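Residue numbers (the working numbering): 22 to 263.
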Amino acid sequence: MNETVDVLAVGAHPDDVELGCGGLLATLSRRGLRTAILDLTRGEAGTRGTPETRASEAAEAARTLGVSFRDGLDLGDGNLRTDRAAELDVIEVVRRRRPRLVVAPLPDDRHPDHVRAGRLVTDATFYAGLRALETGLPPHRPQQVVYYPSAYLAAPSFLVDVSGALETKVAAIRAYRSQFFDPASKEPSTFISSPLFLEAILARARAYGLLANVAAAEAFVAPRPPLLADPLAAFEGFEPGF
Ligand SMILES: [Zn+2]
C-alpha cells in the first residue's frame with residue numbers, strides 16, 4: 022500500500038473533504054491525476070450515524086469522486102490530538118503517499134478539530150521532509166499545503182473551476198446518508214442535517230463561480246500566492262473592476 026499520489030486531501034472528519042474540496046478532487050481525478058483522502062478521525066463523536074455507517078459512506082463517497090485511496094487515522098473526534106505521536110502518524114502517510122500538493126482544512130473555523138487539523142497537517146508536512154527524522158520511509162516534502170474553508174467564509178487566494186464536477190461533488194456528499202438531510206431519518210437534527218446546509222454548499226460554489234465567470238468554483242487559501250504560467254488565461258472571462 023505504498024502507492025503514491027499527486028494530491029492528498031485531508032479532513033478532520035469523514036465528509037470534510039467532500040464538502041471542502043470534493044469538486045477539486047473529482048476534477049483532477051477525471052483529468053488522470055492520482056488523488057487520495059486522509060481522514061484524521063473516524064467521526065465517532067458525530068450526533069448521527071455510527072463509525073461503521075460513516076466508514077461505508079466514506080468509501081462510497083471516495084469511489085464517487087474517483088480518488089485512488091482513502092486512508093484513515095484515529096486521532097480522536099471531538100478532541101483531535103496534535104501531539105508528537107499524531108504528527109508521526111500524518112508524517113507516515115505523507116511519506117507513503119508522496120503527494121505534490123496537500124489540501125487541508127483552513128485552521129480558522131467554527132470546529133476546533135478543523136483548526137487543529139489544519140495546523141497538524143501543516144507541521145507534519147514540513148517535518149516529513151526532514152532527513153534526520155528516520156521512520157523507515159524516505160523523507161518527502163510536498164510543494165505546498167493549501168486550505169479549504171469549512172463553516173466560515175474566507176477570502177480565497179485562488180479559485181478552482183469545478184463546473185464540470187459539481188454534480189459529482191453533490192453525489193459524494195449525498196453518500197453520507199446518515200449525516201445530511203434525510204426526511205425519513207429519526208436521528209436528532211444537527212448543523213449539517215438541515216436541508217438548507219446542502220443548499221448553502223451549492224450557493225457557495227455558485228457565488229465563488231460568479232467571481233470567475235464560471236458555473237461553480239471552490240475557494241482555497243494559500244500561504245503564498247500561486248505562480249501563474251499564463252495570466253491571460255487565468256483571467257479569461259473576467260471583467261475589470263475592484
Ligand atoms: Zn469536520
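For every residue, glycine included, the Cβ atom is placed at its ideal position computed from N, Cα and C. Since this is a predicted model, take the numbers as computed values, not measurements.
Between the alpha carbons of G53 and G185 lies a distance of about 15 Å. Secondary structure in the segment 65-146: the alpha helix (DSSP H) runs of 4 residues or longer, each lying completely within the stretch, are 72-86 and 105-118 in chain order. Here A83 has I58 and R91 as same chain residues with Cβ atoms under 7 Å from its own Cβ, once five neighbours each way along the sequence are excluded. In the structure shown, L180 falls within a strand segment according to DSSP collapsed to helix, strand and coil. A distance below 7 Å separates the beta carbons of V167 and F241. For the pair D134 and R140, the Cα-to-Cα distance works out to about 10 Å.
When DSSP reads this structure, D60 sits in a beta bridge with G32 and G93. Taking E208 as the centre and dropping the five residues before and after it, the same chain places the C-beta of T68, R69, G70, S199 and S214 closer than 8 Å to its C-beta, in chain order. Fewer than three Cβ pairs drawn from the segment 219-229 and the segment 75-89 lie within less than 8 Å of each other, which leaves the two stretches out of contact. Uninterrupted alpha helix (DSSP H) stretches at least 4 residues long and entirely within the segment 191-258 occur at 216-232 and 252-255, given in chain order. The beta carbon of Q164 sits closer than 8 Å to those of R121 and L122, all from its chain and outside the five residues before and after it, given in chain order. Here A66 is near G99, since their CB atoms are less than 7 Å apart. Excluding residues up to 5 positions away in sequence, P35 and G64 lie with their Cβ nearer than 6 Å to the Cβ of R75 in the same chain. Of all residues, those with a beta-carbon under 5 Å from at least one heavy atom of ligand 1 are A33, H34 and D37, reported in chain order. L40 and T156 have their C-alpha atoms some 32 Å from each other. In the structure shown, V26 falls within a coil segment according to DSSP collapsed to helix, strand and coil. R152 counts as exposed, since fewer than 16 other beta carbons sit within 10 angstroms of its beta carbon.
In the DSSP assignment, Q165 forms a beta bridge with L122. L49 is positioned such that its CB atom lies no closer than 7 Å to that of V31.
Taking the CA atoms as reference points, G44 sits about 32 Å from A106. Between S171 and P126, the gap from beta carbon to beta carbon is short of 7 Å. E155 sits in coil when the DSSP states are folded into three classes, being neither helix nor strand. In this structure F201 is buried. Its beta-carbon is surrounded by 16 or more other beta-carbon atoms within 10 angstroms. DSSP, reduced to helix, strand and coil, places E260 outside both helices and strands of the structure shown, so it counts as coil. For S50, the three-state secondary structure derived from DSSP is helix.
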